[in-house]
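Q: Residue numbers (my numbering), protein chains in the order written: chain A, 359 to 718; chain B, 60 to 398; chain C, 31 to 271. Each residue gets a CB set at the ideal place from its N, CA and C atoms; glycine is no exception. Here you go, one structure.
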Amino acid sequence: MLPNNPIHSILSGDYPRSKALSVALVIVLVSLAFAPFLFPGSQPLNVAAKICVFVILVASYDLLLGYTGIVSFAHTMFYGIGGYGVAIAMYNFNAGWGALGLGVLAALVLAMLLALLIGLFSLRVRAIFFAMITLAVASAFAILASQLNEITGGEDGRSYRIPEMLRPAFRLFDEPVLGVMINGRILTYYLIFFAALILFLLALRVVNSPFGRVLQAIRENDFRAEALGYRVVVYRSIANCLSAGMATLAGVLMALWLRYTGPDTTLSFAIMIDILLMVVIGGMGTLYGAVLGATIFILAQNYLQVLMGQFSGMLEAAGIPLLPGLFHADRWLLWLGILFVLSVYFFPVGIVGKLRQMKS
Amino acid sequence: MTAVAATTETVSLPKVKTDWLPALLVPILAVAALPLVGSFSTWVTLTVAALAMGMMIFLMASGLTLVFGLMDVLNFGHGVFISFGAYVSLMVLGPLAGWVESPNIWLNIGVLLACIVVAMLVTGALGYAFERVVIRPVYGQHLKQILITMGGMIVAEQMIHVIWGASPIPLRLPEGLRGAIVVGEAAMEKYRVIAVVLGLLVFGLMHLLLNRTKIGLLIRAGVENAEMVEALGYRIRRLFVGVFIAGSALAGLGGVLWAFYRQTLTAGMGMEVNVLIFIVIIIGGLGSIGGCFVGALLVALVANYTGFLAPKLALGSSILLMVLILLWRPQGLYPVAKR
Amino acid sequence: MKDAILRLDGVHTHIGQYHILHGIDLVVPRGQLTMLLGRNGAGKTTTLRTIMGLWQASKGHVHFDGRDITKLSTPDIAQAGIAYVPENMGIFADLTVRENMILAARNGEIDPKRLKWIFGLFPALEKFWSLAAGTLSGGQKQMLAIARAIVEPRELLLIDEPTKGLAPAIIMNMIQAFRELKSTGATILLVEQNFMAARLLGDSVAVMDDGRVVHRGAMAELAEDTTLQQKLLGLSMDAHQ
Ligand SMILES: Nc1ncnc2c1ncn2[C@@H]1O[C@H](COP(=O)(O)OP(=O)(O)OP(=O)(O)O)[C@@H](O)[C@H]1O
Ligand SMILES: [Mg+2]
């Protein structure tokens, strides 16, 4: 395709490069774009919104892991900062757009500042410090958030009202459109969808810019990149800030959707693991991987986890020992962990990588 | 030949200097906390608790720091050995329940030792398997190492849920080890004193091993420059596997002590301590045993004093300590001379 | 020609995705000091590391003492009788001079007669015997690195730029020590940037450029031929001092 073609500039010249992948991406895009009409009901819309948010969260994480080659365990912290930014603003001030904007802004500033500090501090010494220090800082942050009752609501978190337009009771039109009443819920969904779309395309732009290419050079051989005159620490720190900023926005979107923010929905280590798994399953080092990884994972989480629980129940009814424990719905994480380890070993290119290999 | 002699003769003898300053931080910190805590007896209780905690953290962290130093392997799943060590003591405590409640102090100590021995054997074996299955395929690949070991950690934690159930299990200290020794106004819990003694003992043994034996010499050399040790004709891989097993066993030992200290077992305990351990080995200087010891004591002291003065800031204070120390010495308290 | 203790046939080495050595042919005759010259980045260090098994040759063969060592691990190669002094000297800075030396002795004990001889070559080592090696000066560290390689007699010594960063007077000492070492019949493959040192010490010479051996011959021959030097090493006349 020609470089001045609009699709080229929208995708920043980074094509899926595989027919199957293109088809999959288009299906996801169309399904998400028309989710309220295609899959009516609150549960499917919930899943669709979650997918949108996690595409951004995972893409921003891939910016670090896949493109820059550094492992962070603080991604949920930034996600949480976004969530709490909304929660604290909405809870303490009137639930208007101004307060929301203020909350988002404060969250972004805090997150990026924190990211910059952590980056400059730990990446300066050795990249491997970064993984340990982010883990420590994120744990401390999670504990702090659950203890500062007056500000964050502690373990219980905060429920709050969001701007009027986004509330379920709001009606945009008096009549249903295509058989669906356009209420505040659907407006919120579209706010999330378009925000996610724009953020995703922006991320695509970043990784395909000269800056993105330097990041990849650093990932391949930081020693050589430094020898070529690139300040590795600076590049990595900037990537860390961008990634943190994006994760914060993902947290904001999630907070708007849930109208609730608490430690379990934002800061828990389980979410960090979900993110890791989505990146690896989708394919590290390609943002399209984030789309597929998040979509598949969240669908599985919402529908397969239930099936697993039923399977366990069946085993138990059949009187088989030990196995029911293994398949109990609470052991979801066990299977994710196993899947994760196996994917890192045997499937490091992820789905996107596999699809692209199939083509060639 | 004589020319060689002539020029080098003029060089003056460099001074032998041991770097005591980081080690001195421990007593300095303890003394500085006294006026803040206010009461002397409370201070003694806190300090003994901190020393006990520090020893346990040291035991758990020592293997990790050496493994990292030797082969550049950062095991995010180290906490597995801590949790398993702790849970494995249940296998001993079941059959030996009589010894736990017995008024005979020797039986009490016996059951503790039995827990320790079994836990160390099991975690040592587990370490051997973990090294083979999880770590060996990803040598030299930091990114995958972090991901894989973290994945291994999650799986192991979940397996604990499957085997021993998801709810916390209370753990009773053997009868004779409960309660406190009271000296004047200050109360020191017996078990904590035992933990301190045990920790010192292991530290002493480790010190002897590292400084008085050929294996120790190889380990110290390998931590600095593994490649050169190989170029001198030694198989560093074997050494590494040995250290990994020993480190896992020590983590298991630490796990048992830690579990009795908290008197509950939770599958997540390994992961929780892992965070502290990372802070400790970074503070100490990756690969340094001495640094690890001092770092563990510092972290424990700070955690206990802040836990008393401002409970909400306990973990935050450890991070603050780390930040301050790294600002002072970016490579940690006792950096290992790396190539 | 005397029999070769080490020979490289068409050795290629890749570091990551970079192709560094492009078919090295090299012969080190027994009992001689062979110089390996070449400008910065020519691949000298990579060649030594490949011989030691620290990089794997992707093609070609390394034969040592009639044995194919291409696929052996580094410890096995060392045990076959090759000692290596890397460019960065590989000193264990936190260990004492004594501990550094003991590590190089196979059974953990140093023959006292040999130690005395080494102290004769490098008296500084005796003086700083129980100090941390990290406290030594650059020159003393280099001496320790070489001493460590000769704690016990080895079939072959690979030494990478021993005069790097040393003062001229110390370089003279170093040359003196190598002469002494040669007189014991040791076989040495020596990488050098200092042409003066090379000329004084070398029996035979190989010159590398861009991952290939571009010249092989007797050192004396190259030492005479300034145009060849100019061509191979880009040396100007003043480098001869
Ligand atoms: N770890 C590495 N990764 C990538 N390239 C490397 C690495 N080590 C060396 N090289 C490259 O291999 C080439 C040969 O390097 P080598 O160190 O063997 O040269 P040399 O002849 O020893 O140079 P010098 O005289 O400067 O020591 C150089 O171009 C260098 O950049
Ligand atoms: Mg070199």
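Quick one: using the 10 Å Cβ neighbour count with 16 as the cut-off for buried, is LYS171 (chain C) buried or exposed?
A: Working through the third sequence from its first residue, we reach residue 171 (chain C) at position 141. LYS171 (chain C) is buried by the Cβ-count criterion.
Q: Would a C-beta distance cut-off of 7 angstroms place ALA406 (chain A) and LEU383 (chain A) closer than the cut-off?
A: Against the first sequence, residue 406 (chain A) aligns to sequence position 48. Against the first sequence, residue 383 (chain A) aligns to sequence position 25. Not a contact, by the Cβ cut-off of 7 angstroms.
Q: In its own chain, which residues sit with a C-beta less than 7 angstroms from the C-beta of TYR293 (chain B), not counting the 5 before and 5 after it?
A: The count along the second sequence starts at 1 and reaches residue 293 (chain B) at position 234. If we look at TYR293 (chain B) and ignore the five residues flanking it on each side, its Cβ neighbours are LEU277.
Q: Please go through the stretch 110-188 of chain B and give each complete alpha helix (DSSP H) segment of 4 or more residues, from N-terminal end onward.
A: You should have 138-152 and 156-160.
Q: Listed in chain order, which residues are found with a beta carbon closer than 7 angstroms to a heavy atom of ligand 4?
A: Ligand 4 is not part of the structure shown, which contains ligand 1 and ligand 2 as its ligands.
Q: Please report the Cβ distance between LEU694 (chain A) and LEU635 (chain A), rounded to the nearest whole angstrom; I am assuming they are in contact, meaning their Cβ atoms lie under 8 angstroms.
A: The residue you call residue 694 (chain A) lines up with position 336 of the first sequence. The residue you call residue 635 (chain A) lines up with position 277 of the first sequence. Yes, LEU694 (chain A) and LEU635 (chain A) are in contact; Cβ-Cβ is about 6 angstroms, under 8 angstroms.
Q: Taking the beta carbon of TYR48 (chain C) as the centre, do at least 16 other beta carbons fall within 10 Å, making it buried, or is it exposed?
A: Taking the first residue of the third sequence as 1, we reach residue 48 (chain C) at position 18. Per the 10 Å Cβ criterion, exposed.
Q: Classify PHE395 (chain A): buried if its beta carbon has 16 or more other beta carbons within 10 angstroms, exposed otherwise.
A: Taking the first residue of the first sequence as 1, we reach residue 395 (chain A) at position 37. Burial call: exposed.
Q: Quick check: what's the CA-CA separation for GLY73 (chain C) versus ASP239 (chain C)?
A: The residue labelled residue 73 (chain C) in the question sits at position 43 within the third sequence. The residue labelled residue 239 (chain C) in the question sits at position 209 within the third sequence. When rounded, the distance between both Cα atoms is 7 angstroms.
Q: Which runs of the alpha helix (DSSP H) fall wholly inside the stretch 135-179 of chain C and span at least 4 residues, in chain order?
A: Listed in chain order, they are 142-151, 153-157 and 168-179.
Q: Please name the residue in B:LEU324, B:VAL353, B:CYS351 and B:GLU289 whose C-alpha comes closest to that of PRO105 (chain C).
A: Position 75 of the third sequence, counted from the start, is the residue given in the question as residue 105 (chain C). Out of B:LEU324, B:VAL353, B:CYS351 and B:GLU289, B:GLU289 has the C-alpha closest to the C-alpha of PRO105 (chain C).
Q: Is any heavy atom in ligand 1 found nearer than 6 angstroms to the beta carbon of TYR48 (chain C)?
A: Counting from 1 along the third sequence, the entry for residue 48 (chain C) is found at position 18. The answer is yes for TYR48 (chain C).
Q: Could you list which residues in chain B have their beta carbon closer than 9 angstroms to that of GLU129 (chain C), in chain order?
A: For this step, residue 129 (chain C) is matched to residue 99 along the third sequence. Neighbours of GLU129 (chain C) on chain B, chain order: LEU276, ARG279 and ALA280.
Q: Buried or exposed: which applies to ARG279 (chain B), given that a residue is buried once 16 or more other Cβ atoms fall within 10 Å of its Cβ?
A: Start at 1 with the first residue of the second sequence, and residue 279 (chain B) comes out as number 220. With 16 or more Cβ atoms within 10 Å of its Cβ, ARG279 (chain B) is classed as buried.
Q: Starting from the beta carbon of TYR114 (chain C), find every residue of chain B whose beta carbon is closer than 7 angstroms, and list them in chain order.
A: Counting from 1 along the third sequence, the entry for residue 114 (chain C) is found at position 84. Result: ALA290.
Q: From which residue to which residue does the beta strand (DSSP E) around ILE189 (chain C) run?
A: Taking the first residue of the third sequence as position 1, residue 189 (chain C) is located at position 159. First-last of the beta strand (DSSP E) with ILE189 (chain C): 186-190.
Q: With H, G and I counted as helix, E and B as strand and the rest as coil, what does DSSP make of PHE225 (chain C)?
A: On the third sequence, position 195 is the one that residue 225 (chain C) refers to. Helix.
Q: Please determine, among B:ALA254, B:ILE194, B:ALA373 and B:LEU291, the residue with the shortest C-alpha to C-alpha distance to GLU182 (chain C).
A: Counting from one through the third sequence, the residue named residue 182 (chain C) turns up at place 152. It is B:LEU291.
Q: Taking 6 angstroms as the cut-off, is the beta-carbon of GLY71 (chain C) closer than that to any non-hydrogen atom of ligand 1?
A: The count along the third sequence starts at 1 and reaches residue 71 (chain C) at position 41. The answer is yes for GLY71 (chain C).
Q: Quick check on this structure: which residue in A:LEU700, A:ILE654, A:LEU692 and A:VAL638 has the alpha carbon closest to the alpha carbon of GLY427 (chain A)?
A: By one-based count along the first sequence, residue 427 (chain A) stands at place 69. Of A:LEU700, A:ILE654, A:LEU692 and A:VAL638, the residue nearest in Cα terms is A:VAL638.
Q: My assumption, with CB atoms under 8 angstroms, is that ALA554 (chain A) sits in contact with CYS410 (chain A). Please give the rounded CB distance.
A: On the first sequence, residue 554 (chain A) is found 196 positions in, with the first residue counted as 1. On the first sequence, residue 410 (chain A) is found 52 positions in, with the first residue counted as 1. So it is a contact: roughly 4 angstroms between Cβ atoms.
Q: On the DSSP bridge list, what partners appear for ASN660 (chain A)?
A: Here residue 660 (chain A) is taken as the residue at index 302 of the first sequence, counted from 1. Per DSSP, none; premise fails for ASN660 (chain A).
Q: Using the C-alpha atoms, what's the distance from ALA177 (chain C) back to PHE698 (chain A)?
A: Counting from 1 along the first sequence, the entry for residue 698 (chain A) is found at position 340. Counting from 1 along the third sequence, the entry for residue 177 (chain C) is found at position 147. Those two C-alpha atoms are separated by around 50 angstroms.
Q: Among B:PHE299, B:ILE87, B:ILE378 and B:VAL395, which has the Cα closest to the Cα of ARG195 (chain B)?
A: For the purposes of this step, residue 195 (chain B) is taken as residue 136 along the second sequence, with counting starting at 1. Looking at the Cα atoms, B:PHE299 is the closest of the given residues.
Q: Determine, using beta carbons only, whether MET130 (chain B) and ALA310 (chain B) come nearer to each other than 7 angstroms.
A: Counting from 1 along the second sequence, the entry for residue 130 (chain B) is found at position 71. Counting from 1 along the second sequence, the entry for residue 310 (chain B) is found at position 251. No. Outside cutoff.
Q: Rounded to the nearest angstrom, what separates GLY97 (chain B) and MET523 (chain A) at their Cα positions?
A: Here residue 97 (chain B) refers to the residue found at position 38 when the second sequence is read from its first residue. Here residue 523 (chain A) refers to the residue found at position 165 when the first sequence is read from its first residue. Looking at the two C-alpha atoms, the distance is approximately 56 angstroms.
Q: What separation, rounded to the nearest whole angstrom, lies between the Cα atoms of ILE253 (chain B) and GLY343 (chain B)?
A: On the second sequence, residue 253 (chain B) is found 194 positions in, with the first residue counted as 1. On the second sequence, residue 343 (chain B) is found 284 positions in, with the first residue counted as 1. One C-alpha to the other measures close to 24 angstroms.
Q: Check each residue of the stretch 226-246 of chain C: if its Cβ is closer than 8 angstroms to any Cβ of chain B, include it; give the result in chain order.
A: The stretch 226-246 of chain C vs chain B, Cβ under 8 angstroms: nothing.
Q: I need the boundaries of the beta strand (DSSP E) containing PHE94 (chain C), first residue and last residue.
A: Position 64 of the third sequence, counting from 1, holds the residue named residue 94 (chain C). Segment 87-94, the beta strand (DSSP E) holding PHE94 (chain C).
Q: Under the criterion of a Cβ to heavy atom distance below 6 angstroms, does ILE45 (chain C) qualify as lining ligand 1?
A: Looking up residue 45 (chain C) in the third sequence gives position 15. At least one heavy atom of ligand 1 is nearer than 6 angstroms to the Cβ of ILE45 (chain C), so yes.
Q: Apart from the five residues on each side of it in sequence, which residues of its chain come closer than 6 angstroms, Cβ to Cβ, to ARG375 (chain A)?
A: Taking the first sequence and counting its residues from 1, one reaches residue 375 (chain A) at position 17. Closer than 6 angstroms at Cβ, skipping near neighbours: ARG714.
Q: Name the chain B residues that come within less than 8 angstroms of LEU125 (chain C), Cβ to Cβ?
A: Locating residue 125 (chain C) in the third sequence gives position 95, counting from the first residue. Under the 8 angstroms cutoff, chain B gives LEU276, ARG279, ALA280 and GLU283.
Q: Tell me which residue opens and which closes the beta strand (DSSP E) that ARG321 (chain B) is part of.
A: Residue numbering aside, residue 321 (chain B) sits at position 262 when the second sequence is read from its first letter. ARG321 (chain B) -> not in any beta strand (DSSP E); alpha helix (DSSP H) instead, spanning 295-321.
Q: Buried or exposed: ASP190 (chain C), going by 16 or more other Cβ atoms within 10 Å of its Cβ?
A: Counting from one through the third sequence, the residue named residue 190 (chain C) turns up at place 160. So ASP190 (chain C) counts as buried.
Q: Would a C-beta distance cut-off of 7 angstroms place HIS201 (chain B) and ILE486 (chain A) closer than the cut-off?
A: On the second sequence, residue 201 (chain B) is found 142 positions in, with the first residue counted as 1. On the first sequence, residue 486 (chain A) is found 128 positions in, with the first residue counted as 1. In this structure, ILE486 (chain A) lies closer than 7 angstroms to HIS201 (chain B) by Cβ.
Q: Exposed or buried, GLN259 (chain C), counting other C-beta atoms within 10 Å across all chains shown (16 or more means buried)?
A: Your numbering for residue 259 (chain C) matches position 229 in the third sequence. It counts as buried.
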